[in-house]
Amino acid sequence: MSLASCSWILLAVFVLVILNGYCIFGEDPYRFFTWEVTYGDIYPLGVKQQGILINGQFPGPHIECVTNENLIISVTNNLDEPFLLSWNGIQQRRNSWQDGVLGTNCPIPPGQNYTYVLQVKDQIGSFFYFPSLALHKAAGGYGGITIQSRSVIPIPFPKPAGEFTILAGDWYKQNHAGLRAILDGGHDLPSPDGLLINGRGSSSFSFTVDQGKTYRFRISNVGISTSINFRIQGHKMMLVEVEGTHTMQNLYDSLDIHLGQSYSVLVTADQPAQDYYIVASTRFTPQVLSVTSVLHYSNSAKGVSGPPPVGPTTELDWSINQARSLRRNLTANGPRPNPQGSYHYGLINTTRIIRLANSAPIINGKQRYAVNSVSFIPEDTPLKLADYLKISGVFSLGSIPDSPTGGGGYLQTSVMAADYRAYIEVVFENSEDAMQSWHIDGNHFFVVGMNKGQWTPASKLSYNLRDTISRTTVQVYPKSWSAVYMPLDNVGMWNVRSENWARQYLGQQFYLRVYTPVNSLRDENPIPSNALLCGRALGRKP
Ligand SMILES: *[C@@H]1O[C@H](CO)[C@@H](O)[C@H](O)[C@H]1NC(C)=O
Ligand SMILES: *[C@@H]1O[C@H](CO)[C@@H](O)[C@H](O)[C@H]1NC(C)=O
Ligand SMILES: *[C@@H]1O[C@H](CO)[C@@H](O)[C@H](O)[C@H]1NC(C)=O
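In structure tokens:
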């Protein structure tokens, strides 16, 4: 062996040792955020309103990070109400302690702070954060989250010239306390007053692009009550990612985005140099509301012209067909190199089927919303804390059935028990006329099927067991069902909820307790040393 090749081998060994050392001893990078939450005047629909701002901003600051990074987010609550932020689609591996919903965390009292410690472990994609309590979401307090792929893992398309985050959704002129009073009074919310794109409804937000270049738009529906359709005048959108799944790169004229969902598309500025409308409009609503913003070419010769492009004119069939066209790119990398190659979600046998039917019962003379007849009511103590500190009487396992009962509705602090590492099927059944959107925290699931009518075991024959997307939020069309397969590989207390905020607030949610008797740090992080205590956990040592 020549001296040269020998030294190459030595160098290779040296590099391996370093890489190895990094993997074992190296910590993933940290990013620090210090946020102050306040009320402030905002004018999204042209009238003054009390908004919820983060560091004076609405929408709040964007979180930009890379797979596996640690996010240290210190939040000071300067509202006059208890406050929590939650992280839509961030999986919180082993870490439901930081999920920021009432079942996992004590609210941050007015004037106090709490530091969230999250890790975006094994994730990529487009998500958002939002305030989870007391209809705060209707006042803002939300912002985008982008998890970029690590530089060593190629993405399945050329790096775009730039990225934009679009937070779109419905909006009410009434402030959150007024909306909350309507719900507390036992009524549903009225229709929203308008739609916003990045906090603006009356004046247009503008996105500047260079002619000939390709940009990535990450779009989330951050609204509280309606699905939206999204489109850009004169431009096609190439879908590349859905909530962390790289998709088959199909072209769309417009996309239906349901409550809580996130999509990313590539748009090439390949049209004559002028300005173009970007439009979001409501879907599945009696009256169509819309908002426009502007795609501005940097060398634009003229402003927007012509009517803004219209959305699809039919609802259910169009939308369901589009939903079925979303496919996983089986050769594309995810957070790790090509994980799909070894993970065949469709070949694993499910060991349990959970059927969840939504309903809108009147309970004690008031409008409530329920799942399998149970309308969730929160307790004074977070369920996760009660579980950990073994405080009895807060909740009981099995307080929501696995299948619809067909009965009326009743109030309950509902928690469903589930085994760590089980592989389950969940069927969302919607016999109502209303559009539904379901989200499961701490997990992702494979959307194997959806169709009109009643689900039956024979519906399984139509499942896509080959190349469907996995995501965290699935729509359920009126008088239809959606089925998902879900690996329960994350120990914790996880919120399963409607992303329709009136329904969520009035009980259409519950908690899934993914449990293992093995008490190991490999399976679950210890309780954070800074955990806030409240209710029956007050004065207990974490
Ligand atoms: C959070 O509150 C603690 C205790 O009151 C205080 O020591 C700390 O400085 C606060 N942190 C921030 C970022 O405000
Ligand atoms: C799928 O991903 C590969 C990268 O592995 C990419 O080259 C290809 O264009 C993608 N195909 C489609 C149809 O999206
Ligand atoms: C799934 O179940 C079928 C039928 O019971 C069985 O034949 C098959 O081996 C199982 N597959 C796996 C991966 O366990």
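Mind the numbering: the sequence shown is residues -26 to -1, 1 to 516 in mature numbering (1 follows the signal peptide of the UniProt record, and there is no 0), read in order. Beta carbons are placed, not taken as given, at the ideal position from N, Cα and C, and that holds for glycine. Quick caveat, the model's predicted, so the values are computed rather than measured.
Residue interval of the alpha helix (DSSP H) (run including W292)
Taken as a continuous stretch (DSSP letters only), the alpha helix (DSSP H) holding W292 covers 290 to 298.
According to the Cβ coordinates, are A275 and Q248 closer than 8 Å?
Contact: yes.
Taking all protein chains shown into account, do 16 or more other C-beta atoms lie within 10 angstroms of the C-beta of residue 521, making it buried, or fewer, making it exposed?
Residue 521 lies beyond the stretch modelled for the chain, which goes from -26 to 516, so this question has no answer here.
Alpha carbons only, please: which of L27, N51, W71 is nearest the one belonging to W468?
For W468, the closest alpha carbon among the candidates L27, N51, W71 is that of W71.
Taking the runs of the beta strand (DSSP E) that are 3 residues or longer, which of them lie wholly in the region 31 to 105?
If we require 3 residues or more, the beta strand (DSSP E) runs fully inside the region 31 to 105 come out as 37 to 40, 44 to 51, 59 to 62, 87 to 93, 99 to 105.
In whole angstroms, what is the alpha-carbon distance linking G175 and G197?
Each residue's alpha carbon lies about 13 Å from the other.
Would you call the region 248 to 258 and the region 204 to 223 in contact, with 3 or more CB pairs under 8 Å?
Result yes; three or more Cβ-Cβ pairs closer than 8 Å.
Is the region 416 to 425 close to the region 232 to 240, with three or more CB pairs under 8 Å?
Segments in contact, no.
Going by C-alpha distance, which of Y384, P500, Y362, A392 is nearest R514?
Residue nearest to R514 within the set Y384, P500, Y362, A392 is Y362 (criterion: CA-CA distance).
From this set, R67, A360, Q23, A108, which residue's C-alpha is nearest Q97's C-alpha?
The option with the nearest alpha carbon to Q97 is R67.
N- and C-terminal bounds of the beta strand (DSSP E) containing K426:
Per DSSP, K426 is one residue of the beta strand (DSSP E) stretching across 419 to 426.
Listed in chain order, which residues are found with a beta carbon closer than 6 Å to a heavy atom of ligand 2?
Any residue whose Cβ sits closer than 6 Å to a heavy atom of ligand 2 makes the list: P130, M222, Q223, N303, T305, A306.
Run through the DSSP bridge pairs and tell me what S333 is partnered with.
Partner(s): A344.
Beta-carbon proximity of A142 to N195, cut-off 8 Å:
Yes, the pair counts as a contact, with Cβ atoms nearer than the cut-off.
So, at 6 Å on beta carbons, what are the nonlocal neighbours of K210 in its own chain, with the 5 sequence-adjacent residues on each side left out?
Short of 6 Å from the beta carbon of K210, and not among the five residues preceding or following it, lie these beta carbons of its own chain, in chain order: L225.
Residue closest to Y116, alpha-carbon to alpha-carbon, out of D162, G30, V450, N338
For Y116, the closest alpha carbon among the candidates D162, G30, V450, N338 is that of G30.
On the three-state DSSP scale, how would you describe D463?
For D463, the secondary structure class from DSSP, reduced to helix, strand or coil, is coil.
Do T50 and ligand 1 come close, with the Cβ less than 7 Å from some heavy atom?
Indeed, a heavy atom of ligand 1 lies less than 7 Å from the Cβ.
Helix, strand or coil: which one does DSSP assign to Q478?
The answer is helix: DSSP assigns Q478 an H, G or I state.
Could you give the uninterrupted runs of the beta strand (DSSP E) lying entirely in the region 194 to 221, keeping only those of 3 residues or more?
Here the runs fully enclosed are 201 to 206, 211 to 216.
Buried or exposed: where does D73 fall if 16 or more other Cβ atoms within 10 Å of its Cβ makes it buried?
D73 counts as buried, since at least 16 other C-beta atoms from the protein chains shown sit within 10 angstroms of its C-beta.
Residues in the same chain with beta-carbon distance under 6 Å from T182, minus the five sequence neighbours each way, listed in chain order, please.
The answer, listed in chain order, is H270, S272.
Residues in its own chain within less than 8 Å of L330 by CB, not counting five upstream and five downstream?
Excluding positions up to five away in sequence, the list reads V345, N346, P378, V400, V401, F402, E403, W412, V470.
DSSP three-state call for A135: helix, strand or coil?
Three-state DSSP puts A135 in coil, outside helix and strand.
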